[in-house]
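**Student:**
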């Protein structure tokens, strides 16, 4: 067994469309241990979803392409494995919970069949009764009465659909779940429920998880490790206590925190990070955040390296270049 | 669930009947505007006043329009469509005999178009951007753009005149053997199937491409399903929904297309009957012919709706 | 002026349209054919109506590029003049259909209730009669001739425009920005004109472009059946019919006009498709192509 469950090294992903090339991920490195939970934080367009899809090797065919880097998943090199082997891993070793439960279920298949399908693929020796039983169990586990398994997705509410999506993702007890903003499309009241459910099941099955989100609050509640993504790269990686309690922070992460209203401080107006995420169709040589950074200096025209500022805490910024431990 | 489906079908049948009633009204009203007179047309320029008056009275064309319409509709309920002036025959008999001929071309052509169209469309979508896709899309575009009568003419030139292997016109007699019968149908069928085949190919391709981008397809891939299961269970079934709509439209169009095909290949079908009737101002035949065609189209649409209900569980809830 | 030009050049529609080489080729072909139809007297080598019985049914030669027809008329000249009929019928009938259809659709969508039901049932009834039969039928009422054919084909195409427009009205009407407009005190009429109409127009323009080819095919079919344009006016459909009899001796007479119909319809279809793709925001960003392994998109 490999030491790490997931190791992403210098990942670069491009999307090529008729009109332009989009550089979605630019040299991302991440690693994850078995059973660990990582929060992947960043604004829209930072390349979070693309990273997840790359791990599953599910980038849109003919449009998305990994141009550089390696992804090792549970000892498997996801870049070179033949398609059939990757298929065996999907849903079984690694599975994904998608953003929008409204559209991620097949509208013409009953929900029970959709849960059963993934079981059937990866457990060829199970007979009909066993399959049905496993489906019933899983549905009860995510909090949906098993007698509704013959209904179609449109007969369920958004939250219930997401429960089914979770059931599909977890029914084979994968080693890694990629949860791509699993609560964004849901009501605030249901969000907490859903996170609780995912967390509970994750603990029970001892599954690792990458939780993609732009909500730092959610990360604080659920994750042991945090990676902050900006414009296709990880600008800061560390344990939750580093990010939420530490003194050293990447200017972008600082900005993110400043944008959160605080209960103990009287604020008239929230701070914002000026400017927009850089145009992803342009290749940038230097620090990608420099344009919006209040500490920007001359050397930011050159790209900084990811340095370890304290044990297990990495920052990609010139401010910390000499603080190496 | 089936109860919902039946309820939906019942609703659609009622709607179709209303639409057909409007068709009869429209056709009848419009027919009043057509210049010319079936009797004069039939008797020719040498007919005397008395002859014309006699025949006009005989066929009831002297009565007020409303009465004529009432008589027509009342007749329809008894399965009577009146007599054709030009053919001097009972219209019901003629139309149903002709309809049989037409359907014997339309239905096989439709099956041909659907099967080949869907298969080619899937192939093109699955190999998007490849040479195969380019070739298929190119021929689909050509097929859609060819005038049907011209394509028929080319086929006659090639298969009948140059190669001499297929008959150019008329209908085969079943008594002369199966091949005789089929050989007469091959060319008309091909010509009629061409356009719809191209349409199905394009529609299948584009709706497959549309479906391929859907989140649930990514979900299915993330489950690790095989390519075959992905194509048939997740993609094609969803892609079929818009394809079926096109099928309904095209089947109607094919019934219309017989007008051209039957005229090129001199097939004594409904299309040919319609042209002669329109040219000869044989009002009753035109009215009933249009009605029969509209009924055929309505039935097609009904079948499409039922298929919809079977394939798409969301429709049943309306 | 320059700004407008720049805006046009940078708009997504133009970009997508011109990113496809095949579409550019189609646009050029169409432009050439339309120009030669407009300037037919200048372009065509002979008088298309001048019969010359001494030179009938000539084959392809340097004097007559496509040969002559049974009456000794130059085929190429007739084809160039025939293009006029095709383009006029295509354009006018589509405008008739689009104009009337859009008005009916707007009325149905905005009025709702019994008016809506009535309009929709009538279009249903029209749609249940195949287009070509509808056109034949209307043609027999209106009579032959260019204007009447345009009208017949145009009317037979109305239902699809009425439906598309109504559909657009119904979706747009429910949009939040319409509600916002109403809340700001906009009247129903203003909402219709400012918000709903533009939405309908773009959908209808796409449909019109895509139907141009169909209209041309229908005119050709009617003329082929002898129920379209009056002879001796050159129309591609009737030319195919004229040449039909000489199929074995001189096939060019029948084949050539058909080739022209096909090319024109093909080009209109391709442009229409591209326009639809370009205007459909749903397809945004999905017109992908792979860098190495993938050849250019042609269709």
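Residue numbers (the working numbering), protein chains in the order written: chain A, 1 to 325; chain B, 1 to 318; chain C, 1 to 299. Just so it is clear, CB atoms sit at the ideal spot from N, CA and C, and this is done for glycine as well. A quick note: this is a predicted structure, and the numbers were derived from the prediction, not measured.
#1: My output table needs one value for residue 165 of chain B: the three-state DSSP class, helix, strand or coil.
#2: If residue 313 of chain B and residue 108 of chain A are in contact, beta carbons under 8 angstroms, what's the gap, nearest whole angstrom?
#3: In the stretch 42-56 of chain C, which residues sit with their C-beta less than 8 angstroms from some C-beta in chain B, listed in chain order?
#4: Could you spell out where the beta strand (DSSP E) holding residue 24 of chain A opens and where it closes?
#5: Less than 7 angstroms between the CB of residue 296 of chain B and some heavy atom of the ligand GTP, yes or no?
#6: So, for residue 197 of chain A: in the same chain, excluding its five sequence neighbours on each side, which residues have a beta-carbon less than 6 angstroms away from its beta-carbon?
#7: For chain B, find out if any of its Cβ atoms is closer than 8 angstroms to the Cβ of residue 87 of chain A; answer yes or no.
#8: If I follow the unbroken beta strand (DSSP E) through residue 229 of chain A, where does it start and stop?
#9: Along chain C, which residues have their Cβ under 7 angstroms away from the Cβ of residue 159 of chain B?
#10: Please compile the residues from chain C whose C-beta is within a distance smaller than 7 angstroms of the C-beta of residue 141 of chain B.
#11: Where does residue 171 of chain B fall in DSSP's three states?
#12: Which first and last residues belong to the alpha helix (DSSP H) in which residue 134 of chain C is found?
#13: Can you name the start and end residues of the alpha helix (DSSP H) that residue 157 of chain C belongs to?
#14: Under 8 angstroms, do residue 318 of chain A and residue 239 of chain A count as touching if we go by C-beta distance?
#15: Look at residue 151 of chain B and residue 194 of chain B and say whether their C-beta atoms are less than 8 angstroms apart.
#16: Assuming residue 229 of chain A and residue 47 of chain A make a contact with CB atoms under 8 angstroms, what is their CB distance in whole Å?
#17: In terms of DSSP beta bridges, what is residue 71 of chain A paired with?
#18: Take residue 27 of chain B and list the residues in its own chain whose beta-carbon comes closer than 6 angstroms to its own, dropping the five residues that flank it on each side.
#19: Count the CB pairs spanning the stretch 52-65 of chain A and the stretch 14-27 of chain A that are closer than 8 angstroms, and state whether there are at least three.
#20: Given that residue 141 of chain C touches chain B, what residues does it touch there, using C-beta distances under 7 angstroms?
#21: When the Cα atoms are used, what is the spatial distance from residue 230 of chain C to residue 152 of chain C?
#22: Taking any Cβ of chain B, which residues in the stretch 218-252 of chain C have a Cβ under 9 angstroms from it, in chain order?
#23: What are the boundary residues of the beta strand (DSSP E) that includes residue 277 of chain C?
#24: What ranges does the beta strand (DSSP E) occupy inside the stretch 89-172 of chain B, keeping only unbroken runs of at least 3 residues that lie completely in it?
#25: From C/214, C/86, C/186, C/277, pick the residue whose C-alpha is nearest to that of residue 199 of chain B; which is it?
#26: Got a sec: which bits of the stretch 99-119 of chain A sit with their beta carbon under 7 angstroms from any beta carbon on chain B, in order along the chain?
#27: Going by CA-CA distance only, name the one from B/207, B/262, B/13 that's closest to residue 98 of chain B.
#28: Where residue 275 of chain C and residue 13 of chain C are concerned, what is the direct C-alpha to C-alpha distance, given to the nearest angstrom?
#29: Pick helix, strand or coil for residue 52 of chain B, following the three-state DSSP scheme.
#30: Which residue's Cα is closest to the Cα of residue 113 of chain A: A/96, A/139, A/98?
#31: Expressed to the nearest angstrom, what Euclidean distance is found between the alpha-carbon atoms of residue 148 of chain C and residue 257 of chain B?
#32: Residues of the stretch 53-68 of chain A with a CB closer than 7 angstroms to any CB of chain B: list them in chain order, please.
#33: From B/295, B/105, B/246, pick the residue whose C-alpha is nearest to that of residue 205 of chain B; which is it?
#34: So that I know if they touch, is there some Cβ in chain B lying closer than 8 angstroms to that of residue 284 of chain C?
#35: Which bits of chain A does residue 83 of chain B rub up against, with CB to CB less than 7 angstroms?
#36: Is it the case that the stretch 87-97 of chain A contacts the stretch 155-172 of chain A, given that we only count it when at least three CB pairs across the two stretches are under 8 angstroms?
**Tutor:** From the atom records:
#1: In the structure shown, the three-state DSSP call for residue 165 of chain B is coil.
#2: 6 angstroms
#3: none
#4: 21-32
#5: The ligand GTP is not among the ligands present in this structure, which contains no ligands whatsoever.
#6: none
#7: Yes, residue 87 of chain A counts as interfacial toward chain B.
#8: 225-230
#9: The premise fails here: residue 159 of chain B is roughly 13 angstroms from chain C at the closest Cβ pair, so nothing lies under 7 angstroms.
#10: 266, 269, 270, 299
#11: coil
#12: 131-142
#13: 146-173
#14: no
#15: yes
#16: Right, the Cβ-Cβ distance comes to about 6 angstroms (below 8 angstroms), so this counts as a contact.
#17: A/8
#18: 287, 290
#19: yes
#20: 30, 33, 34
#21: 15 angstroms
#22: 220, 221, 224, 225, 226, 227, 236, 237, 240, 241, 243, 244, 247, 248, 251
#23: Here residue 277 of chain C belongs to no beta strand (DSSP E); instead the alpha helix (DSSP H) covers 252-279.
#24: Complete beta strand (DSSP E) runs here, min 3: none at all.
#25: The candidate whose alpha carbon is nearest that of residue 199 of chain B is C/214.
#26: 100, 103, 104, 105, 106, 107, 108, 117, 118
#27: B/262
#28: 7 angstroms
#29: helix
#30: A/139
#31: 21 angstroms
#32: 56, 58, 62
#33: B/246
#34: Confidence in residue 284 of chain C is poor, its pLDDT being 42 and thus under 50, which makes the residue's placement unreliable; the coordinate value appears in the next sentence. Chain B contact via Cβ: absent.
#35: Those within 7 angstroms of residue 83 of chain B in chain A number zero; the least Cβ separation is about 51 angstroms.
#36: yes
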